């Protein structure tokens with residue numbers, strides 16, 4: 073039996089339409105597709121390119137797939153300005169690199185043909201990344217047992233890189249008879265018990281690799297994970313202006329010794345003169361504060377830059393919305409660095425620039441107060457936390473106002489071409505409401 077949909081039928085409210093996820097009741101009391109959907113075969117509505125989708129839901133645009141909860145062009149295709157997915161330039165003629173699509177990792181070869189960039193491989197009209205090359209999702213990483221971490225293809229937990237194209241099982245925890253058996257992992261050795269372990273001043277992370285503490289051997293600054301440390305003479309050491317109180321922390325010298333900026337102190341352990349600078353100390357310009365990342369000079373005092381917070385008296389870390397570099401470099405609890413911006417973890421909601429709280433959307437409830445941590449929610453008749461009337465769920469974690477919904481500023485209004493007027497979302501000048509979630513250009 074064919075399923076009959078209600079597109080084009082008469083309605084009074086959205087619930088009259090068979091699929092209120094995709095359909096809505098228009099101003100003319102007709103069931104139509106919502107703004108981010110397109111009608112297909114006069115029977116259903118599918119999400120547009122770049123819009124939210126669920127799991128393996130089909131997307132409206134040809135050659136698009138639902139990836140990471142968003143309709144995206146599949147591998148070998150790229151998004152065009154008209155909202156379609158067009159074939160990539162791989163194998164096409166070119167004169168210079170700019171003729172090829174850099175976003176898809178292409179370059180112009182000596183034979184004037186677009187080919188994959190170095191450390192990328194070709195498969196099914198697409199270029200896939202090898203290890204330590206840029207990626208935006210796991211699909212881009214071609215090497216077996218590799219995934220996308222911090223926008224780089226890296227071996228997954230339990231595996232280590234043997235070359236740019238091979239991830240081998242980590243030797244850590246495996247039986248060995250000599251250090252040679254453990255050499256696939258840097259900084260590993262064969263213990264007296266005949267098991268591969270991390271050597272002195274290194275610790276095992278993710279069951280696959282050894283990372284150095286202070287004093288541990290390193291080859292570049294990225295290897296040293298302790299705040300305010302760097303790779304100096306192939307050893308992880310505290311930056312200029314900092315000292316280690318143990319092998320886990322680098323604290324500002326002024327914090328340790330309580331002495332003023334521009335005092336010279338000779339540290340026998342590091343064999344260098346330290347120019348002391350720390351948070352809260354005197355400065356003449358921001359150059360005096362450069363020893364700590366994200367610090368500036370304000371009113372002759374070294375403080376954290378805007379949108380950054382002091383952590384452990386030793387470092388300034390970015391708050392929510394601020395630029396970040398590494399996955400775990402954000403100051404707020406339950407936050408993570410995504411696309412170089414500090415954001416709340418999935419299932420958490422931002423309530424301020426330094427606080428992420430668990431979302432309660434979808435949780436069971438008895439009263440309104442059970443849903444109170446997420447704004448604009450209510451306890452439904454089915455005893456479930458849902459968005460209040462005139463609000464819509466976004467990213468499964470927050471509720472934003474539709475037309476006539478409560479707001480405090482324009483950025484909160486979810487509907488395109490709407491603004492916040494007298495604490496309610498309305499269509500901006502030149503637009504009229506077509507429904508509670510759509511503003512259309514005024515027809516004169």
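In the numbering used here, the protein residues as written are 73 to 516.
Each residue gets a CB set at the ideal place from its N, CA and C atoms; glycine is no exception.
All of these numbers come straight from a predicted model, not from anything done at the bench.
Rounded separation between residue 405 and residue 423 - CA only
Near 12 Å, if we compare the C-alpha coordinates of residue 423 and residue 405.
Hey, which unbroken runs of the beta strand (DSSP E) at 3 residues or more fall wholly within the region 133-192?
As far as the region 133-192 is concerned, its whole beta strand (DSSP E) runs of at least 3 residues are 136-139, 142-145, 149-151, 157-159, 178-180 and 186-188.
According to DSSP, residue 316 sits in a beta bridge with which residue or residues?
Residue 316 pairs with 322.
Cβ-Cβ distance between residue 323 and residue 308 below 7 Å:
Against a cut-off of 7 Å, the Cβ pair of residue 308 and residue 323 comes out as no contact.
Assess, as a yes-or-no matter, whether the region 239-258 is touched by the region 270-282 under the definition of 3 or more beta carbon pairs within less than 8 Å.
When Cβ pairs closer than 8 Å are counted between the two stretches, the region 270-282 is seen to touch the region 239-258, the count reaching three or more.
Label residue 371 either buried or exposed according to how many other C-beta atoms from any shown protein chain fall within 10 Å of its C-beta, with 16 as the threshold for buried.
Its Cβ having fewer than 16 others within 10 Å, residue 371 is exposed.
My output table needs one value for residue 49: the three-state DSSP class, helix, strand or coil.
Residue 49 is absent from the structure shown; the chain starts at 73 and stops at 516.
I'd like the span of the beta strand (DSSP E) that includes residue 359, first residue to last.
In the DSSP annotation of this structure, residue 359 is not part of any beta strand (DSSP E), being labelled neither H nor E.
Under three-state DSSP, which class holds residue 112?
Strand, per DSSP.
Residues near residue 395 in its chain [Cβ-Cβ closer than 7 Å; skip 5 each side]:
Same-chain partners within the cutoff: 412 and 413.
Alpha carbon to alpha carbon, how far is residue 147 from residue 122? Give it in angstroms, no decimals.
Whole-angstrom Cα-Cα distance: 15 Å.
Answer with buried or exposed for residue 170, where buried requires no fewer than 16 other C-beta atoms within 10 angstroms of its C-beta.
By the 10 Å Cβ count, residue 170 comes out exposed.
Is there contact between the region 491-498 and the region 473-480, where contact requires at least three CB pairs shorter than 8 Å?
With three or more CB-CB distances shorter than 8 Å, the region 491-498 counts as touching the region 473-480.
Can you give me the C-alpha to C-alpha distance between residue 499 and residue 98, rounded to a whole angstrom?
One C-alpha to the other measures close to 16 Å.
Taking the C-alpha atoms as reference points, what is the distance between residue 246 and residue 382?
One C-alpha to the other measures close to 41 Å.
Are there 16 or more other CB atoms within 10 angstroms of the CB of residue 356, so buried, or fewer, so exposed?
By the neighbour-count rule (16 or more Cβ atoms within 10 Å), residue 356 is not buried but exposed.
Separation of residue 409 from residue 367, as counted between CA atoms
Cα atoms of residue 367 and residue 409: separation of roughly 19 Å, rounded to the nearest angstrom.
Classify residue 404 as helix, strand or coil using the three-state DSSP reduction.
Look at residue 404 here: in three-state DSSP terms it is coil, with no helix or strand label.
When DSSP builds the beta bridges, which residues end up paired with residue 510?
Per DSSP, 507.
For residue 223 and residue 80, what's the separation of their Cα atoms in angstroms?
Those two C-alpha atoms are separated by around 44 Å.
Between the Cα of residue 448 and the Cα atoms of 438, 470 and 456, which residue gives the shortest distance?
Ranking 438, 470 and 456 by Cα distance to residue 448 puts 470 first.
In the structure shown, what three-state DSSP assignment does residue 231 receive?
Residue state, collapsed to three classes: strand.
Judging by CA-CA distance, which residue of 453, 487 and 455 is the nearest neighbour of residue 465?
Closest option to residue 465, Cα to Cα, is 487.
Go ahead and pull the three-state DSSP assignment for residue 301.
Reduced to three states, the DSSP call for residue 301 is strand.
With distance defined between alpha-carbon atoms, name the residue in 155, 259, 263 and 264 nearest to residue 275.
Answer by Cα proximity: 259.
Which residue's Cα is closest to the Cα of residue 48: 415, 236, 216 and 319?
The question about residue 48 has no answer here: the residues shown for the chain are numbered 73 through 516.
Quick one: grab the DSSP three-state call for residue 294.
Collapsing the DSSP output to three states places residue 294 in a helix.
Among 120, 82 and 387, nearest to residue 104 - alpha-carbon criterion:
Comparing Cα-Cα distances from residue 104 to each of 120, 82 and 387, the minimum goes to 82.
C-beta contact flag for residue 145 and residue 131 at 7 Å
Not a contact, by the Cβ cut-off of 7 Å.
Where does residue 420 fall in DSSP's three states?
Three-state result, residue 420: strand.
Compare the Cα-Cα distances from residue 264 to each of 249, 407 and 256 and report the closest residue.
Minimum Cα distance to residue 264 is reached at 249.
Determine the extent of the beta strand (DSSP E) in which residue 281 is found, giving its start and end residues.
Start and end: 281-284.
Span of the beta strand (DSSP E) holding residue 260?
Start and end: 260-262.
With burial defined as no fewer than 16 other Cβ atoms inside 10 Å of the residue's Cβ, what is the status of residue 120: buried or exposed?
Residue 120 comes out buried.
For residue 486: DSSP bridge partner residues:
Under the DSSP definition of a beta bridge, residue 486 lacks any partner.
Nearest by alpha-carbon distance to residue 255: which of 403, 212, 186 and 234 is it?
The option with the nearest alpha carbon to residue 255 is 234.
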